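**Student:**
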Amino acid sequence: MSLPEAPPTGEQPQRSMPRGIDRIFRAMLFIVPLGVLGNIIFSMAVTDRALLASLRDFPRGYLALAVVLALVPWLTNSLRLLIWTDFLDHRIRFRDAFQITLAMDLGAAVSPTAVGGSLFKWGMLVQRGIRPGAAASITTLPTIEDGVFFAIAVPLAIYFTASWNLPVFRAVADRFEQDALLVVLIASAIALVTWLAVRVILGGGFGSRTQKRSLRFVGRVRRKLRATWTDAREVFRLIATGGKWRFALSFLLTAIQWSCRY
2 MSLPEAPPTG
12 EQPQRSMPRG
22 IDRIFRAMLF
32 IVPLGVLGNI
42 IFSMAVTDRA
52 LLASLRDFPR
62 GYLALAVVLA
72 LVPWLTNSLR
82 LLIWTDFLDH
92 RIRFRDAFQI
102 TLAMDLGAAV
112 SPTAVGGSLF
122 KWGMLVQRGI
132 RPGAAASITT
142 LPTIEDGVFF
152 AIAVPLAIYF
162 TASWNLPVFR
172 AVADRFEQDA
182 LLVVLIASAI
192 ALVTWLAVRV
202 ILGGGFGSRT
212 QKRSLRFVGR
222 VRRKLRATWT
232 DAREVFRLIA
242 TGGKWRFALS
252 FLLTAIQWSC
262 RY
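Structure follows, in structure tokens:
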């Protein structure tokens, strides 16, 4: 089962990432290791020497177990990536899947929270010939699986451990009850101001030159979003019709992954 116009198995598809974005992405891949190295140096410089020395007395068995549990999510994420790329007939090697997973985690560690590691994953998938829409779907699927897992696991954990009586949950509930209306009002005001600003700009309120540039920009964004949405919708349709067991297998790996982390 494959997407329409998918390249035959074994044929190297053409890269579909624009050159400008490709250059930026390659530069980011070069910067990420520098950021990781900087974080390591900074952590070593500011960490108390007595604390570092105490690691010598830490039981080796527990330390080895912690290392193994920390590495398991990289393995499960790589396997999840292989499951969905294979389902879409975009076969990649495990080595490539592991590199993408590693780049995603390292990118998330050194990039702003709003960017995260998903951009690195999407970019590396596109570099390997996967269409942007399909790459976006493959990038989104783990997030959906993670969300489903937490939607099931967290309520069960709270119920079986009676954690709803903890002070932190009571404090969150009280704070939400007090500030919910204020948050809704602020979000609504921001949305309204943004909508009005866009309408004024597109209506020529800041001059015809700004209007033309804005219209061209909006047109390009709409075309790209439309193409991405078309590919993504087809991917999810294929999963709904013939990928249920793959979703179940990937969800099992998701449960193993988060159990090892927590």
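With the first letter of the sequence shown counted as 1, position 149 gets the number 150 in my numbering; the numbers rise by one all the way through. The beta carbon of each residue, even a glycine, is placed where N, CA and C say it ideally should be. Note that the structure is a prediction, hence the values are computed from the model and not measured.
(1) Going by the CB atoms, is the gap between residue 51 and residue 150 shorter than 7 Å?
(2) Where does residue 167 sit, in a helix, a strand or coil, going by DSSP?
(3) Going by CA-CA distance only, name the one from 88, 95 and 184 that's closest to residue 245.
(4) In whole angstroms, what is the alpha-carbon distance linking residue 7 and residue 96?
(5) Reducing DSSP to helix, strand and coil, say where residue 129 ends up.
(6) Rounding to the nearest angstrom, what Cα-Cα distance links residue 249 and residue 137 in this structure?
(7) How would you label residue 146, buried or exposed, when you count the other beta carbons within 10 angstroms and need 16 or more for buried?
(8) Our contact map puts residue 242 next to residue 134 with C-beta atoms below 8 Å; I'd like the distance itself, whole angstroms only.
(9) Among 83, 222, 199 and 221, which one has its Cα closest to the Cα of residue 212?
(10) Using the Cα positions of residue 187 and residue 124, report the straight-line distance between them to the nearest angstrom.
(11) Which value, in whole angstroms, describes the spacing of the CA atoms of residue 46 and residue 254?
(12) With C-beta atoms as the reference, is residue 68 less than 7 Å away from residue 261?
(13) Please work out which residues of its chain come closer than 8 Å, Cβ to Cβ, to residue 140, disregarding the five sequence neighbours upstream and downstream, and give them in chain order.
(14) Taking 6 Å as the limit between beta carbons, can you name the residues of its chain near residue 131, skipping five residues before and five after?
(15) Suppose contacts are defined by Cβ-Cβ distances below 7 Å. Is residue 76 in contact with residue 98 by that definition?
(16) Give every residue of the same chain whose Cβ lies closer than 8 Å to the Cβ of residue 196, excluding the five residues on either side of it in the sequence, and list them in chain order.
(17) According to DSSP, is residue 244 helix, strand or coil?
(18) To the nearest angstrom, report how far apart residue 181 and residue 189 are at their CA atoms.
(19) By the three-class DSSP mapping on this structure, what secondary structure does residue 147 have?
**Tutor:** Straight from the coordinates:
(1) Position 149 of the sequence shown, counted from the first residue, corresponds to residue 150. Position 50 of the sequence shown, counted from the first residue, corresponds to residue 51. No, they are not a contact pair.
(2) Within the sequence shown, numbered from 1, the residue matching residue 167 stands at position 166. Three-state result, residue 167: coil.
(3) Here residue 245 refers to the residue found at position 244 when the sequence shown is read from its first residue. Checking every option, the nearest Cα to that of residue 245 belongs to 88.
(4) Along the sequence shown, one-based indexing puts residue 7 at 6. Along the sequence shown, one-based indexing puts residue 96 at 95. The predicted model places residue 7 with a pLDDT of 42, which falls under 50 and marks its position as unreliable, so this point remains unresolved.
(5) For the purposes of this step, residue 129 is identified with residue 128 of the sequence shown, where counting begins at 1. The answer is coil: DSSP assigns residue 129 none of H, G, I, E or B.
(6) Counting from one through the sequence shown, the residue named residue 249 turns up at place 248. Counting from one through the sequence shown, the residue named residue 137 turns up at place 136. Each residue's alpha carbon lies about 20 Å from the other.
(7) As a working mapping, residue 146 is identified with position 145 in the sequence shown. With 16 or more Cβ atoms within 10 Å of its Cβ, residue 146 is classed as buried.
(8) Looking up residue 242 in the sequence shown gives position 241. Looking up residue 134 in the sequence shown gives position 133. Rounded, the Cβ-Cβ distance is 18 Å, inconsistent with contact.
(9) In the sequence shown, the residue the question calls residue 212 occupies position 211. With distances taken between Cα atoms, residue 212 lies closest to 199.
(10) To locate residue 187, count along the sequence shown from 1; it is residue 186. To locate residue 124, count along the sequence shown from 1; it is residue 123. Cα to Cα, residue 187 sits roughly 34 Å from residue 124.
(11) As a working mapping, residue 46 is identified with position 45 in the sequence shown. As a working mapping, residue 254 is identified with position 253 in the sequence shown. About 37 Å.
(12) The residue labelled residue 68 in the question sits at position 67 within the sequence shown. The residue labelled residue 261 in the question sits at position 260 within the sequence shown. Contact: no.
(13) The residue you call residue 140 lines up with position 139 of the sequence shown. Counting only Cβ-Cβ distances below 8 Å, and skipping sequence neighbours, we find 119, 122, 123 and 126.
(14) Numbered from 1 along the sequence shown, position 130 holds the residue referred to as residue 131. Hits under 6 Å: 91.
(15) Reading the sequence shown from its first residue, position 75 is the one you call residue 76. Reading the sequence shown from its first residue, position 97 is the one you call residue 98. No, they are not a contact pair.
(16) Taking the sequence shown and counting its residues from 1, one reaches residue 196 at position 195. If we look at residue 196 and ignore the five residues flanking it on each side, it has no Cβ neighbours.
(17) Counted from its first residue, the sequence shown places residue 244 at position 243. Reduced to three states, the DSSP call for residue 244 is coil.
(18) Here residue 181 refers to the residue found at position 180 when the sequence shown is read from its first residue. Here residue 189 refers to the residue found at position 188 when the sequence shown is read from its first residue. Roughly 12 Å between the two C-alpha positions.
(19) Counting from one through the sequence shown, the residue named residue 147 turns up at place 146. Helix at residue 147.
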